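Under this note's numbering, think of the first position of the sequence shown as 3, with each following residue one higher. Built from N, CA and C at the ideal position, the CB exists for glycine as well. Since this is a predicted model, take the numbers as computed values, not measurements. Here's the structure we're looking at; comments come further down.
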Amino acid sequence: MEAAARARLGRRLQEAVGARYAFVDPYEIRLYQYDASPETALPDAVVIPGNAAEVAAVLRICADEAVPVVARCGATSLAGGTVPVEGGVVITFPRMDRILELDLENLRAVVEPGVVNLSLSQALRPLGFYYVPDPSSQGACTIGGNVGTNAGGPHTLLYGVTVNHVTGLEVALPSGELVQVGGRKAVEATGYDLTGLLVGSEGTMAVVTKVWVKLTPVPPVSKTLLAIFTDLRSASNAVSAIVKGGILPAAIEMMDQLSIQAVEAASHAGYPLDAGAVLLLEVDGIPESAAELTERMGRICREHGAREVRVARDEAERQALWKGRKGAFSAMGRLAPDFYVMDGVVPRTRLPEVLDAIGAISDRTGFKICNVFHAGDGNLHPLVLFDAFKKGQYEAVLAIGDEILKLCADAGGSVTGEHGIGLEKRENIRYVFDEDDLAVMETVRRVFDPSGRMNPGKLFPTGRPAPRTEPQPPGGRRPAPAPAQDEVWV
Ligand SMILES: Cc1cc2nc3c(=O)[nH]c(=O)nc-3n(C[C@H](O)[C@H](O)[C@H](O)COP(=O)(O)OP(=O)(O)OC[C@H]3O[C@@H](n4cnc5c(N)ncnc54)[C@H](O)[C@@H]3O)c2cc1C
Numbered sequence: 003m004e005a006a007a008r009a010r011l012g013r014r015l016q017e018a019v020g021a022r023y024a025f026v027d028p029y030e031i032r033l034y035q036y037d038a039s040p041e042t043a044l045p046d047a048v049v050i051p052g053n054a055a056e057v058a059a060v061l062r063i064c065a066d067e068a069v070p071v072v073a074r075c076g077a078t079s080l081a082g083g084t085v086p087v088e089g090g091v092v093i094t095f096p097r098m099d100r101i102l103e104l105d106l107e108n109l110r111a112v113v114e115p116g117v118v119n120l121s122l123s124q125a126l127r128p129l130g131f132y133y134v135p136d137p138s139s140q141g142a143c144t145i146g147g148n149v150g151t152n153a154g155g156p157h158t159l160l161y162g163v164t165v166n167h168v169t170g171l172e173v174a175l176p177s178g179e180l181v182q183v184g185g186r187k188a189v190e191a192t193g194y195d196l197t198g199l200l201v202g203s204e205g206t207m208a209v210v211t212k213v214w215v216k217l218t219p220v221p222p223v224s225k226t227l228l229a230i231f232t233d234l235r236s237a238s239n240a241v242s243a244i245v246k247g248g249i250l251p252a253a254i255e256m257m258d259q260l261s262i263q264a265v266e267a268a269s270h271a272g273y274p275l276d277a278g279a280v281l282l283l284e285v286d287g288i289p290e291s292a293a294e295l296t297e298r299m300g301r302i303c304r305e306h307g308a309r310e311v312r313v314a315r316d317e318a319e320r321q322a323l324w325k326g327r328k329g330a331f332s333a334m335g336r337l338a339p340d341f342y343v344m345d346g347v348v349p350r351t352r353l354p355e356v357l358d359a360i361g362a363i364s365d366r367t368g369f370k371i372c373n374v375f376h377a378g379d380g381n382l383h384p385l386v387l388f389d390a391f392k393k394g395q396y397e398a399v400l401a402i403g404d405e406i407l408k409l410c411a412d413a414g415g416s417v418t419g420e421h422g423i424g425l426e427k428r429e430n431i432r433y434v435f436d437e438d439d440l441a442v443m444e445t446v447r448r449v450f451d452p453s454g455r456m457n458p459g460k461l462f463p464t465g466r467p468a469p470r471t472e473p474q475p476p477g478g479r480r481p482a483p484a485p486a487q488d489e490v491w492v
């Protein structure tokens with residue numbers, strides 16, 4: 003964008019939200035070129051609205067100036083979902099982080115998009131409730147971003163993903179109108195399920211300004227088991243056997259040996275360093291049923307080669323195990339300077355062969371690949387370890403990621419389980435949808451966004467490579483560690 007046009011845009015945005023909360027200065031906007039993915043691109047302006055009316059005003063200005071709009075909440079997207087690849091205005095939500103209403107009788111809360119996922123459950127727990135979808139990033143990601151990606155998490159095996167826990171949305175349309183879809187009484191909702199359509203639309207249709215979420219009572223008992231195996235294949239077979247045995251636990255997570263070593267070094271939770279794989283399993287319920295299911299799952303794991311099954315003795319041990327698991331991606335920093343994480347899905351029964359094939363890719367290419375994932379859902383997260391400063395490694399891991407996603411699609415799965423398509427997988431989407439499928443989706447998108455200005459360059463193939471991040475020189479400023487959270491991770 004030309005300097006004069008950018009300055010005018012900045013002035014108009016400042017009039018809408020206040021001088022402090024809109025900026026176009028190249029230095030100030032630099033932070034907003036990143037999310038948790040390797041891609042980067044600079045926006046033309048950044049705006050931090052304080053309420054829905056201001057969001058709507060910003061969208062009207064963007065429509066008038068014909069500039070792209072990128073909604074950004076916690077910026078933990080691993081798919082480049084918030085990277086403003088076509089420039090334009092980034093709208094971000096740290097000021098819209100209020101829990102507006104708790105309606106315990108109707109099991110609903112109304113929240114602004116900037117509410118951090120974990121904060122919502124922490125606010126609810128003393129009242130005996132929680133918000134179920136629990137991405138491992140829940141200490142940093144927000145409800146708005148979770149709606150954007152239809153986020154999952156370890157406990158979505160039994161309870162469902164974000165779309166199953168959101169009953170209504172208030173959104174600002176690209177034209178700047180505020181509309182409500184769904185609401186508190188989703189059970190009696192009639193007409194099109196527009197909430198379902200907008201959840202997971204990755205900011206390509208509208209900007210979410212308010213969310214109605216379901217609340218769930220904290221179960222009387224949660225029992226957590228750690229099943230320790232000598233190899234990945236036995237652990238994978240145990241997962242299928244548990245589900246085939248008629249048990250649907252709240253969570254079944256798997257980690258391979260490399261992941262266990264990184265996680266244990268970071269968390270000291272008691273993960274066995276010599277194990278080939280572990281399963282972290284959890285059942286919720288009343289004490290009698292939880293005890294029975296715990297016993298049955300333990301038996302099935304032993305029958306499938308588990309050398310040991312431990313049941314967390316108390317809440318502190320349970321929280322430590324989960325904190326270790328949920329901190330797994332960050333723990334990878336102990337193994338390599340960088341990792342590239344994939345988000346493929348395969349039918350549960352194909353886990354053993356797909357994991358073998360990923361192992362073969364690692365052997366062939368020489369790149370270590372860790373596996374830490376939602377095994378119950380067949381949602382794989384292979385993490386390819388590399389060093390972005392070593393010439394050619396970044397390109398090599400992108401090619402490995404592509405090969406893994408093709409493998410998942412060919413096994414009857416998908417190229418994303420929860421992280422979204424974003425910028426990263428906009429070409430890989432072709433592995434699961436053909437031209438006709440994509441054309442239908444594009445038509446639906448255009449109903450909301452006829453001019454294609456909402457998060458452009460995401461979700462749909464463009465035929466162009468994603469922008470390349472140049473690694474920053476080492477020794478630069480590192481971010482300060484996040485402030486300590488309450489140690490409640492599930
Ligand atoms: C260490 C780590 C672990 C993770 N574990 C998980 C996991 O277990 N499960 C999981 O699902 N994901 C996981 N993720 C990915 C990420 O946390 C999720 O995709 C999350 O939902 C993103 O939330 P956010 O607030 O950071 O959103 P952002 O990254 O800011 O945005 C994500 C997408 O939503 C859109 N969006 C954001 N705000 C709005 C809005 N107000 N209106 C409309 N669209 C909007 C954006 O444009 C973008 O497309 C993990 C990420 C990290 C870094």
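message: Just verifying my parser: in three-state terms, what is the DSSP assignment at glutamate 30?
response: Judged by DSSP in its simplified three-state form, glutamate 30 adopts helix.
message: I believe aspartate 37 touches glycine 90 by the beta-carbon criterion, under 8 Å. Please report the beta-carbon distance rounded to the nearest angstrom.
response: Between glycine 90 and aspartate 37 the Cβ distance is about 15 Å, and since that is not below 8 Å, they are no contact.
- prompt: First and last residue of the alpha helix (DSSP H) that includes glycine 287?
  reply: Counting along the chain, glycine 287 falls outside any alpha helix (DSSP H), though it belongs to the beta strand (DSSP E) covering 279-287.
- prompt: Exposed or buried, which one is leucine 275 when buried takes at least 16 other CB atoms within 10 Å?
  reply: Exposed is the call here.
query: Do you know how far the Cα of alanine 55 is from the Cα of asparagine 148?
result: Rounded to the nearest angstrom, the two C-alpha atoms are 22 Å apart.
- request: Name the one or two DSSP bridge partners that cysteine 372 has.
  value: DSSP lists Leu385 as partners of cysteine 372.
query: Among residues of its own chain, excluding the 5 on either side of alanine 306, which ones have a beta-carbon nearer than 6 Å to its beta-carbon?
result: Note on identity: in this sequence residue 306 is histidine, with alanine being the wrong assignment. Spatial neighbours of histidine 306 in its own chain (CB-CB distance under 6 Å, excluding positions within 5 residues in sequence) are listed in chain order as Ser236, Asn239, Ala240 and Ala243.
message: On the DSSP letters alone, give me the boundaries of the alpha helix (DSSP H) that glutamate 405 sits inside.
response: First-last of the alpha helix (DSSP H) with glutamate 405: 395-412.
Terminal residues of the alpha helix (DSSP H) in which phenylalanine 391 lies: Phenylalanine 391 -> no alpha helix (DSSP H), and no H or E assigned at all.
query: Which residues mark the beginning and the end of the beta strand (DSSP E) in which lysine 225 is found?
result: For lysine 225, the enclosing beta strand (DSSP E) stretches over residues 223-231.
field: First and last residue of the uninterrupted beta strand (DSSP E) at threonine 212
entry: One point to set straight first is that residue 212 is lysine, not threonine, in the sequence displayed. Looking at the DSSP string, the run of the beta strand (DSSP E) that includes lysine 212 is 209-216.
message: Any heavy atom of ligand 1 closer than 6 Å to the beta-carbon of aspartate 379?
response: Distances from the CB of aspartate 379 to the heavy atoms of ligand 1 are all 6 Å or more.
query: Where in the region 330-368 do unbroken runs of the beta strand (DSSP E), each at least 3 residues long, occur, reported from the N-terminal end onward?
result: If we require 3 residues or more, the beta strand (DSSP E) runs fully inside the region 330-368 come out as 340-343.
Environment of glycine 12 [buried if 16+ CB atoms lie within 10 Å]: Answer is buried; the Cβ neighbour count reaches 16.
- prompt: Buried or exposed: where does arginine 74 fall if 16 or more other Cβ atoms within 10 Å of its Cβ makes it buried?
  reply: Arginine 74 should be labelled buried.
Check: asparagine 108 C-beta below 6 Å from any heavy atom of ligand 1: No, the beta carbon of asparagine 108 sits no closer than 6 Å to any heavy atom of ligand 1.
Residues that tyrosine 132 bridges to, as DSSP identifies them: DSSP, once it has assigned bridges, lists Thr218 as partnering tyrosine 132.
- prompt: Counting along the chain, where does the alpha helix (DSSP H) carrying glutamate 266 start and finish?
  reply: Per DSSP, the unbroken alpha helix (DSSP H) holding glutamate 266 starts and ends at 259-269.
- request: Look at the alpha carbon of alanine 308 and the alpha carbon of glutamate 290, and state the distance between them as a whole number of angstroms.
  value: Cα to Cα, the separation comes out at about 24 Å.
- request: Can you say whether glutamate 444 is buried or exposed, counting buried as having 16 or more other CB atoms within 10 angstroms of its CB?
  value: Classification for glutamate 444: exposed.
8 Å CB neighbourhood of serine 224 in its chain, flanking five on each side removed: Only Ala252, Glu284, Val285, Asp286, Ala292, Arg320 and Val492 meet the Cβ criterion.
Euclidean distance between Cα positions of arginine 480 and arginine 336: In this prediction, arginine 480 has a pLDDT of 41, which is less than 50 and means its spatial position is unreliable; what the coordinates show is noted afterwards. Approximately 16 Å, taken between the alpha carbons.
query: How would you write the range of the beta strand (DSSP E) that valine 49 sits in, first residue to last?
result: Element bounds for valine 49: 47-49.
- request: Could you have a look at glutamine 140 and say whether DSSP puts it in helix, strand or coil?
  value: Three-state result, glutamine 140: coil.
message: Beta-carbon within less than 7 Å of alanine 486's beta-carbon, same chain only, minus the 5 sequence neighbours each way: which residues are those?
response: Confidence in alanine 486 is poor, its pLDDT being 48 and thus under 50, which makes the residue's placement unreliable; the coordinate value appears in the next sentence. Counting only Cβ-Cβ distances below 7 Å, and skipping sequence neighbours, we find nothing.
message: Does the beta-carbon of aspartate 99, which I'm using as the reference point, lie nearer than 6 Å to any heavy atom of ligand 1?
response: The answer is no for aspartate 99.
task: May I ask you to report which of helix, strand or coil DSSP gives aspartate 66?
output: In the structure shown, aspartate 66 adopts helical secondary structure according to DSSP, grouped into three states.
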